[in-house]
Each structure stands twice: as structure tokens, then as C-alpha cells.
Ligand SMILES: Cc1ncc(COP(=O)(O)O)c(C=O)c1O
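Residue numbers (the working numbering): 27 to 422.
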């Protein structure tokens, strides 16, 4: 357990967690230590460092940086985890962790609605190195249990997933895997540590695309994993070899973004819930997927694990692709862009973005409906967001 988490609420930990009471030069904020390497006074200091007889921790930029370390400590505190390691992007975190925990002959199980680049890495790249994988249906923990083999080393899921926001029963998943000594990794990007802390439910590793809510301003790429010290240490060691490290300037932006995480997420949770509830009764909307709605298939599970349901609302228009495009084009506040979690609301049509290369039939086969819209709510005034969206829906 980190020092901060049990004593303070997440909103306090976002501001103070992981940081010393006084930064160098009595600065209020964390310094950006912009250096690629670190000097030694003499060979005696060098010797003491490598023999572990000194307090100093840094040697070379790829192995560590004080600004990056502060971000890691803040995330460990927020996730109620022992340690964390930061990366240059979410995908650097995901791929490094998977590589660190598998070897030729290993088997990995993941839910089929995982982020498509994670799925691509596991199903198209890992198999080149003799790692087999099985995809199981979204949130289906029974199917997951059935897919486990004696070679299974890792189970990967997200909570909630994109775009239908499924939430598997993490407590059950963790218990099943623990019994078989299988490691579990949850990508909690959509939830944030304000809404969900997977480690508290028995999950071994939690991973984030820090590009999204943690940074929160659509201006920086980053990734982080958190969990038990030994496990994070194994992943960090491989990170230091593969080189996907976080830059100190990016670490500063992530530290700064994370300080307002609780405020932003509270607002995004509330706005998304209101938008989801309003859309659910709208005559032009076929269906809404939001874990905070009683109609969501995983609502009860989400309620048992999460303290808020996030800022992404997915909905389907009755009239399909073109109606969806008309709504997206008519909305004036959200920008059309991939990503989520920033202060600016973003809107997209999965059929035209992540799944553009597929035909309507192929999209149907992977469960992506043409009339689908993903609305990632920002921190604008909720009345304005709702009025803008309702006006845009007149064009559907
Ligand atoms: C759930 C999830 N995980 C991981 C990633 C990858 O993160 P990044 O873009 O920071 O590499 C994304 C990006 O969209 C994502 O949505």
C-alpha cells in the first residue's frame, strides 16, 4: 500500500500524492529535470552507486528521471498500488508489460473488445514469438475461465471497454486467476483511478493511456502501469531495455494534469450520466450504452466496482451511418477527433474511424453498428453540451 491512499481521499491524493512536501529550491511545483545523464563526483561514488551503498537513484536518462519518478509515485498512490512505471505512451506500457510477463510457450487470454491495438499486438505480433492467445466474448468471465490453460500466464481486460463499455466482474476474474497463479492486467484508461482502482479488487497490474484522463488536456502522450513492486520492477526493467520511457517535460504535464483529475472526472461523470439518460428516451436514438444506466448489461457489476461511470457515452442512431454523420457534423461544441478524457468534448463515428476499413457487414460481424456515435464528454457546461447535442439530433 502506498503511504497516501489509505489516509486521504482520491481528490487529495491527486494534488499531493507521491510528491515531497518541499521540492528543490522550495519550489511549489515539481521541477522538470531536463537531463539525459547524471554525473558522478569520482569513481568512489560510481562504485558506491553500483554496489547499492548510496541513496542516489539516477544514473542515466533511460533508467530513470526524478520528474518521471514523481508521476510514477503519484499514480501508485492513486491506484493504491505499491509501485508504478511510466512510459512514452499507453501502447508502450501495454506492449512492454505483456512482453515482460510472457515467453515462448505462454498463452494469453483477452476479451475480444480490448483496444484494437492491444488486440493486434497480442494476436498478430506475439504469435511470431511463440505466444498463443485466445479471445473471449466481452465481459464473459465464464468463457474466460473456460479458455484458461496450464500455459496461461496472463489475462488482459479493460474496464470499461470501447465502445460498448462492458465491465467484467474483476473480483471474480482476479480470484479465478489467482487460484491458478495467472497474472491479471486491467487497462483502466476509461475509468481512471477516481472511478475504479482494480488493485483493490485483486488485480495484479493496472495500465493507463495517460494520454486520456490523466493528462486531461489533449496535449501529451504517456502511459503508466501500477501494481506490486516486484511485478512493476520486472516491467520497468524491460522498459529500460526497450526504451519507451516518458520524457521529463511530458511527465510534468501529466503531473499537472493529474492534480485536477478528481475535479474533471466528477464533472465528466455527472455530464455523461445526464446525457446518457436524456439520449435513452430520444426518438431518434435506437440504444445507449453507458455503465451508469440501469439498461447497460453490466450496470450491476459496474455499480459493485466503480464509484462513477466515466465520461464516455456511446449511442446508436436509428437511421444508420448517414444520420450519424449529420449529427456529428451538426454538433458545434465537441470536436471530431479520436481520443477521450480531455477538457474538450470529442465526438466520433467508430464506423468512419477505428473501423473504417471494414464493410458494413464486416463491422456488424465484430459488433460495430454503422449508426454508432461515441461522445467523450469534456468539462464544458453540461447545459450547453446537452442543448448542443439535442439540436444536433434534429439533423439525424
Ligand atoms: C483503452 C486504451 N488503451 C490504450 C490506448 C493506447 O494509448 P496511447 O494512445 O497513449 O498509446 C488507448 C488509445 O486510444 C486506449 O483507448
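Note that CB positions come from ideal geometry on N, CA and C, so glycine has one too.
Owing to the predicted nature of the structure, the values given are computational and were not obtained by experimental measurement.
Please list, in chain order, all residues of the same chain as residue 147 whose beta carbon is under 6 Å from its beta carbon, the five residues on each side excluded.
-> Within the chain shown, residue 147 is the residue found at index 121, counting from 1. Within the same chain, residue 147 has close Cβ partners 121.
With a cut-off of 5 Å, give the chain-ordered residues whose Cβ is closer than this to any heavy atom of ligand 1.
-> 115, 116, 117, 141, 213, 215, 235, 237
Does the distance from the CB of residue 227 to the CB of residue 196 come in under 8 Å?
-> Along the chain shown, one-based indexing puts residue 227 at 201. Along the chain shown, one-based indexing puts residue 196 at 170. In contact: residue 227 and residue 196 (Cβ atoms closer than 8 Å).
Within 10 angstroms of its Cβ, does residue 86 collect 16 or more other Cβ (buried), or is it exposed?
-> If you number the chain shown from 1, residue 86 lands on position 60. The residue in question, residue 86, is exposed, as its Cβ has fewer than 16 Cβ neighbours within 10 Å.
Would you please state the rounded distance, in angstroms, between the beta carbons of residue 334 and residue 244? I believe it to be under 8 Å.
-> As a first step, residue 334 is located in the chain shown; it is residue number 308 there, counting from the start. As a first step, residue 244 is located in the chain shown; it is residue number 218 there, counting from the start. With a Cβ gap of about 21 Å, residue 334 and residue 244 do not count as contacting.
Taking all protein chains shown into account, decide if residue 66 is buried (16 or more other Cβ within 10 angstroms of its Cβ) or exposed.
-> Position 40 of the chain shown holds residue 66. Exposed, because fewer than 16 other Cβ atoms sit within 10 Å of the Cβ of residue 66.
Sequence-distant residues of the same chain with beta carbon closer than 6 Å to residue 350, five excluded per side = As a working mapping, residue 350 is identified with position 324 in the chain shown. The answer, listed in chain order, is 343, 375, 397, 399.
Between the CA atoms of residue 117 and residue 144 - distance to the nearest angstrom = Locating residue 144 in the chain shown gives position 118, counting from the first residue. Locating residue 117 in the chain shown gives position 91, counting from the first residue. Straight-line Cα distance between these residues: approximately 7 Å.
Mind checking who residue 182 pairs with in its DSSP beta bridge?
-> As a working note, residue 182 is residue 156 in the chain shown. For residue 182, which the question treats as bridged, DSSP gives the partners 136, 211.
Span of the beta strand (DSSP E) around residue 249 = On the chain shown, position 223 is the one that residue 249 refers to. Element bounds for residue 249: 249-253.
Give me the Cα-Cα distance between residue 292 and residue 366, rounded to the nearest whole angstrom.
-> Translated into the one-based positions of the chain shown, residue 292 becomes position 266. Translated into the one-based positions of the chain shown, residue 366 becomes position 340. Their Cα atoms are separated by approximately 15 Å.
Tell whether a beta-carbon distance below 8 Å holds between residue 193 and residue 327.
-> For this step, residue 193 is matched to residue 167 along the chain shown. For this step, residue 327 is matched to residue 301 along the chain shown. Closer than 8 Å, so yes.
From the DSSP output, which residues share a beta bridge with residue 86?
-> The count along the chain shown starts at 1 and reaches residue 86 at position 60. Partner(s): 63.
Taking contact to mean at least 3 C-beta pairs separated by less than 8 Å, is the segment 96-109 in contact with the segment 246-262?
-> yes
If you check the beta carbons only, do residue 181 and residue 199 fall under 8 Å apart?
-> Sequence index remark: in the chain shown, residue 181 carries index 155 (1-based). Sequence index remark: in the chain shown, residue 199 carries index 173 (1-based). Against a cut-off of 8 Å, the Cβ pair of residue 199 and residue 181 comes out as a contact.
Cβ-based neighbour list, residue 183, same chain, cut-off 6 Å, excluding 5 preceding and 5 following | Here residue 183 is taken as the residue at index 157 of the chain shown, counted from 1. Correct list, in chain order: 137, 194, 212.
By the 10 Å Cβ neighbour count, where 16 or more other Cβ atoms means buried, how is residue 81 classified, buried or exposed?
-> Within the chain shown, the letter at position 55 stands for residue 81. Exposed is the call here.
Just reading off the alpha helix (DSSP H) that residue 278 is part of, what are its end residues?
-> On the chain shown, position 252 is the one that residue 278 refers to. Note, residue 278: alpha helix (DSSP H), 274-285.
Leaving out five residues before and five after residue 308 in sequence, what residues of the same chain have Cβ atoms less than 7 Å from its Cβ?
-> Reading the chain shown from its first residue, position 282 is the one you call residue 308. Counting only Cβ-Cβ distances below 7 Å, and skipping sequence neighbours, we find 419.
First through last residue of the beta strand (DSSP E) which encompasses residue 425 = No answer is possible for residue 425: it lies beyond the span of the chain, which begins at 27 and ends at 422.
For residue 27, the three-state DSSP class (helix, strand or coil) | On the chain shown, position 1 is the one that residue 27 refers to. Note on residue 27: pLDDT 42, under 50, position unreliable in the model; the coordinate value appears next. Three-state result, residue 27: coil.
Taking Cβ to Cβ, would you say residue 276 is nearer than 8 Å to residue 91?
-> Numbered from its first residue, the chain shown carries residue 276 at position 250. Numbered from its first residue, the chain shown carries residue 91 at position 65. No, the Cβ-Cβ distance between residue 276 and residue 91 is not below 8 Å.
Go ahead and pull the three-state DSSP assignment for residue 130.
-> Locating residue 130 in the chain shown gives position 104, where the first residue counts as 1. Coil.
Using the C-alpha atoms, what's the distance from residue 336 back to residue 216?
-> On the chain shown, residue 216 is found 190 positions in, with the first residue counted as 1. On the chain shown, residue 336 is found 310 positions in, with the first residue counted as 1. Computed Cα separation, rounded: 7 Å.
Reduced DSSP category for residue 234 - H, G, I as helix; E, B as strand; rest coil | Against the chain shown, residue 234 aligns to sequence position 208. If DSSP states are grouped into helix, strand and coil, residue 234 belongs with the strands.
Secondary structure at residue 113, three-state DSSP: helix, strand or coil?
-> To locate residue 113, count along the chain shown from 1; it is residue 87. Of the three classes helix, strand and coil, the one that applies to residue 113 here is strand, per DSSP.
Please confirm whether residue 324 and residue 89 have their CB atoms less than 8 Å apart.
-> Here residue 324 refers to the residue found at position 298 when the chain shown is read from its first residue. Here residue 89 refers to the residue found at position 63 when the chain shown is read from its first residue. Their beta carbons are not under 8 Å apart, which means residue 324 does not touch residue 89 by this criterion.
Kindly confirm or deny that the segment 41-60 and the segment 95-102 touch, where touching means at least three C-beta pairs closer than 8 Å.
-> yes
Does the separation of the CB atoms of residue 378 and residue 301 fall below 8 Å?
-> The residue you call residue 378 lines up with position 352 of the chain shown. The residue you call residue 301 lines up with position 275 of the chain shown. No, they are not a contact pair.
Would you mind sorting residue 392 into buried or exposed? The rule is 16 or more other CB atoms within 10 Å of its CB.
-> Position 366 of the chain shown, counted from the start, is the residue given in the question as residue 392. Residue 392 comes out exposed.
Starting from the Cα of residue 317, find the closest Cα among 61, 189, 98, 154 and give me that residue.
-> Counting from one through the chain shown, the residue named residue 317 turns up at place 291. It is 189.
What residue does the alpha helix (DSSP H) around residue 143 start on, and which one ends it?
-> For the purposes of this step, residue 143 is identified with residue 117 of the chain shown, where counting begins at 1. Per DSSP, residue 143 belongs to the alpha helix (DSSP H) from 142-146.
Nearest-angstrom Cα separation, counted from residue 348 out to residue 402 | Taking the first residue of the chain shown as 1, we reach residue 402 at position 376. Taking the first residue of the chain shown as 1, we reach residue 348 at position 322. So the two alpha carbons sit approximately 20 Å from each other.
For residue 22, which three-state DSSP category applies?
-> The chain is shown only over 27 to 422; residue 22 falls outside these bounds and no answer can be derived.
Look at the alpha carbon of residue 311 and the alpha carbon of residue 373, and state the distance between them as a whole number of angstroms.
-> In the chain shown, counting from the first residue as 1, residue 311 sits at position 285. In the chain shown, counting from the first residue as 1, residue 373 sits at position 347. Distance between the alpha carbons of residue 311 and residue 373 is about 16 Å.
Assumed close pair residue 125, residue 264 - CB separation to whole angstroms, cut-off 8 Å = Residue 125 sits at position 99 when you count from the first residue of the chain shown. Residue 264 sits at position 238 when you count from the first residue of the chain shown. Sure, about 6 Å apart at Cβ, within 8 Å.
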